[in-house]
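From first to last, the protein sequence lines stand for chains A and B.
The opening position of the first sequence corresponds to residue 1 in our numbering, with each subsequent residue numbered one higher.
The opening position of the second sequence corresponds to residue 1 in our numbering, with each subsequent residue numbered one higher.
Here's the structure, in structure tokens; my notes come after.
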Amino acid sequence: MNKTVNQKAWFLILPVLVLVAFSAVIPLMTVVNYSVQDTFGNNQFFWAGLEWFEEMLASERMWDALGRQIVFSLIILAIEIPLGIFVALNMPKKGFWASLCLVLMSLPLLIPWNVVGTIWQIFGRVDIGLLGHTLAALGIDYNYTQDSTAAWITVIVMDVWHWTSLVALLAYAGLQSIPDAYYQAAKIDQASRWKVFRFIELPKIMGVLMIAILLRFMDSFMIYTEPFVVTGGGPGNATTFLSIDLVKMALGQFDLGPAAAFSIMYYLVILLVSYVFYTVMTNLDKRDGH
Amino acid sequence: MSDLTQSPPKRGFGLPSVNGSAIVMGLYLLFLLLPIYWLVMMSLKTNTEILNSFTLWPQNLTFDNYLTILTDASWYTGYLNSMAYVVMNMVISLAVALPAAYAFSRYSFMGDKHLFFWLLTNRMAPPAVFALPFFQLYSSVGLFDTHIAVALAHCLFNVPLAVWILEGFMRGVPKEIDETAYIDGYSFPRFFIKIFTPLVASGIGVTAFFLFMFSWVELLLSRTLTSVDAKPIAATMTRTVGASGIDWGVLAAAGVLTIVPGALVIYFVRNYIAKGFALGRV
Numbered sequence: 001m002n003k004t005v006n007q008k009a010w011f012l013i014l015p016v017l018v019l020v021a022f023s024a025v026i027p028l029m030t031v032v033n034y035s036v037q038d039t040f041g042n043n044q045f046f047w048a049g050l051e052w053f054e055e056m057l058a059s060e061r062m063w064d065a066l067g068r069q070i071v072f073s074l075i076i077l078a079i080e081i082p083l084g085i086f087v088a089l090n091m092p093k094k095g096f097w098a099s100l101c102l103v104l105m106s107l108p109l110l111i112p113w114n115v116v117g118t119i120w121q122i123f124g125r126v127d128i129g130l131l132g133h134t135l136a137a138l139g140i141d142y143n144y145t146q147d148s149t150a151a152w153i154t155v156i157v158m159d160v161w162h163w164t165s166l167v168a169l170l171a172y173a174g175l176q177s178i179p180d181a182y183y184q185a186a187k188i189d190q191a192s193r194w195k196v197f198r199f200i201e202l203p204k205i206m207g208v209l210m211i212a213i214l215l216r217f218m219d220s221f222m223i224y225t226e227p228f229v230v231t232g233g234g235p236g237n238a239t240t241f242l243s244i245d246l247v248k249m250a251l252g253q254f255d256l257g258p259a260a261a262f263s264i265m266y267y268l269v270i271l272l273v274s275y276v277f278y279t280v281m282t283n284l285d286k287r288d289g290h
Numbered sequence: 001m002s003d004l005t006q007s008p009p010k011r012g013f014g015l016p017s018v019n020g021s022a023i024v025m026g027l028y029l030l031f032l033l034l035p036i037y038w039l040v041m042m043s044l045k046t047n048t049e050i051l052n053s054f055t056l057w058p059q060n061l062t063f064d065n066y067l068t069i070l071t072d073a074s075w076y077t078g079y080l081n082s083m084a085y086v087v088m089n090m091v092i093s094l095a096v097a098l099p100a101a102y103a104f105s106r107y108s109f110m111g112d113k114h115l116f117f118w119l120l121t122n123r124m125a126p127p128a129v130f131a132l133p134f135f136q137l138y139s140s141v142g143l144f145d146t147h148i149a150v151a152l153a154h155c156l157f158n159v160p161l162a163v164w165i166l167e168g169f170m171r172g173v174p175k176e177i178d179e180t181a182y183i184d185g186y187s188f189p190r191f192f193i194k195i196f197t198p199l200v201a202s203g204i205g206v207t208a209f210f211l212f213m214f215s216w217v218e219l220l221l222s223r224t225l226t227s228v229d230a231k232p233i234a235a236t237m238t239r240t241v242g243a244s245g246i247d248w249g250v251l252a253a254a255g256v257l258t259i260v261p262g263a264l265v266i267y268f269v270r271n272y273i274a275k276g277f278a279l280g281r282v
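And the structure:
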């Protein structure tokens, strides 16, 4: 659609700008402020330059948390995206069953995040949980509060449980928009199931899929509440992801300088990756002729 | 075709034809529902039963856990607090996002693309980064521990989201409608409220659903910004850790009750969910 040039449109955006400035820009400036200053308490601050950034870049703690975070996000994407597409391909197309699937699948998405943690805590515990108890009865050694591998598996399975439906629903919406004619053409050409997926379905859902990947990357990169409730970042530091570490530093120990420097770098990493995704997405959009 | 000749009698039972897809979906839904089933069962058991015997369903069915929550003010105010800031957030976000989304969908102006991406970056901001500055900001203006503070804080990610979703819906409304209305002598505010808003009603519904969803599930910011008067239910749940250990039954019951509002909302918008997702803007 051709848009008219109208500079007065700025006035319509003004409320959003004011609100977001209040809720994003001012707090962010506070963070920037802290990141370049040091304090002896009593609200006396003095200029520290880039000291905190240097300290954080040299700190093993941050690199470890970042490493865990990247591994976690990659595992999450590697499981949830294919699984989500697979589920979407198997969903009923219409009618009662389709509605039922939609409703049931949306359910985990609307559970408060700490309750998601609580659900898995209750589900996984060896003494009272169905999962933990069953695994113990089968003779599998599973205790997510002590064994870091078990903790990782629990956190990952929990995230798959929580968010695969989002990927599936997005992919499903994409699949719904493919006209029947495409499938009929494929049938005439006697294309195999795999070829139908590879050359018809996949290209058509690529746009939605990029959004799914972007959302899952962003949200898994910021994950805090669920692992915090289930494992508390432990055992040891095994499941201490970036946000957990940051909150520990900022609100637990009140190390404002390092925490602020940490925040800014954290934000920049997310921004950078998101920008790449966003550019790819808008280019895909253009190619599809919007 | 071949099974028609081989086994015709089997068809008489009226069994639904079981195929691969049904099995896949069955397994997936089982995986989704099993933990929730366990939570519900726990909420209907007594603590003695939870801790001392392992049972797949309650042997002595009890509703005491729910009674505890529904009769204790410190519990149920948690729900009211959560509801209060979620609704406030929905109203504020929609009120500011509607005109902005209209501007983005209809006009091009200086810096529009950069502005749009900048708005989106706020959806990408980790709440953990904002927890401390929010705490200080809202404390300094005397808004700490109020519903409006949480509602405003959630605007951080909900306003960009609302603009994003609404812009997609508004782009689908033909521009000719605007032009006709102006020729007919409608002023902009009158046109916007009387004609345009009803046209994007389903979009507003979908947007409200996602605003509800993200405000309802968020805990880090709402917990940081409240202590007593506006404490959300999700934060109240940490209370169950008492001197005698965790009160699992009450914890489970509280969890079940936090799922109910979400389930209700899903039920009401079930026919629009697919469309909302179809725009691919969550």
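Cβ atoms here follow ideal geometry from the backbone N, Cα and C, with glycine treated the same way.
Quick caveat: nothing in here was measured; it's all calculated off a predicted structure.
| query | result |
| --- | --- |
| Is there at least one Cβ from chain A nearer than 9 angstroms to B/Ala100's Cβ? | yes |
| In this structure, does DSSP put B/Trp57 in helix, strand or coil? | coil |
| Which class does A/Asp38 belong to by DSSP, given the choice of helix, strand or coil? | strand |
| Quick one: is B/Phe130 near chain A, going by C-beta distance under 9 angstroms? | yes |
| Please list the terminal residues of the continuous alpha helix (DSSP H) segment that includes A/Gln69. | 60-90 |
| Check whether the Cβ atoms of A/Pro27 and B/Leu120 lie closer than 9 angstroms to each other. | no |
| Indicate whether at least one CB of chain A lies closer than 9 angstroms to the CB of B/Thr48. | no |
| When the Cβ atoms of the stretch 267-278 of chain A are set against those of the stretch 101-109 of chain A, are three or more pairs found closer than 8 angstroms? | no |
| For B/Tyr85, would you say it is in contact with chain A, using Cβ-to-Cβ distances shorter than 9 angstroms as the test? | no |
| How far does the alpha helix (DSSP H) with A/Gln146 in it reach, from first residue to last? | Note, A/Gln146: premise wrong, no alpha helix (DSSP H); not H, not E. |
| If you pair each beta-carbon of the stretch 203-223 of chain B with each one of the stretch 61-69 of chain B, do three or more pairs fall below 8 angstroms? | no |
| Taking DSSP as the reference, what is the three-state secondary structure of A/Thr239? | coil |
| As a quick exercise: from A/Leu166, A/Lys187, A/Val5, A/Ala150, pick the residue whose alpha carbon is nearest that of A/Thr239. | A/Ala150 |
| Counting C-beta neighbours from all protein chains within 10 Å, is the total for B/Ser43 16 or more, i.e. buried, or is it exposed? | buried |
| Tell me A/Thr30's beta-bridge partners as DSSP assigns them. | Paired residues: none, contrary to the question. |
| Can you grab the Cα-Cα spacing for the pair B/Gly203 / B/Leu166, in whole Å? | 6 angstroms |
| For A/Tyr224, name the three-state secondary structure that DSSP assigns. | coil |
| Does the distance from the CB of B/Leu94 to the CB of B/Ala201 come in under 9 angstroms? | no |
| Considering only the beta carbon of each residue, do B/Phe159 and A/Val20 sit closer than 9 angstroms? | Checking the sequence shown, residue 159 of chain B turns out to be Val, not Phe. Result yes, Cβ atoms of B/Val159 and A/Val20 sit closer than 9 angstroms. |
| Contact between the stretch 124-134 of chain B and the stretch 220-231 of chain B: three or more CB pairs below 8 angstroms? | yes |
| If contact is defined by three or more beta carbon pairs under 8 angstroms, each pair taking one atom from either stretch, is the stretch 223-238 of chain B in contact with the stretch 24-43 of chain B? | no |
| Determine the chain E residues that contact B/Gln59 at a beta-carbon separation under 9 angstroms, and present them in chain order. | Absent from the structure: chain E. Protein chains present are A and B. |
| Which ranges would you report for the alpha helix (DSSP H) in the stretch 201-258 of chain B if only whole runs of at least 4 residues count? | 201-217, 220-224, 233-236 |
| Taking B/Arg123 as part of the alpha helix (DSSP H), name the residues at either end of that continuous run. | 112-123 |
| Nearest-angstrom Cα distance between B/Ala131 and A/Val87? | 36 angstroms |
| For A/Trp120, which residues in chain B fall below 8 angstroms Cβ to Cβ? | Pro35 |
| How about A/Thr225: is its C-beta nearer than 9 angstroms to some C-beta of chain B? | yes |
| What does A/Tyr267 reach in chain B if we use C-beta pairs closer than 8 angstroms? | Ala125, Pro126, Val129 |
| Would you please verify whether the beta carbon of A/Gly289 is less than 9 angstroms from any beta carbon of chain B? | Model confidence at A/Gly289 stands at a pLDDT of 48, short of 50, so the residue's coordinates are unreliable and nothing is read from them. |
| Would you mind telling me which residues of chain B sit closer than 8 angstroms to A/Ile85, beta carbon to beta carbon, in chain order? | Residues of chain B passing the Cβ test: none, with the nearest at roughly 12 angstroms. |
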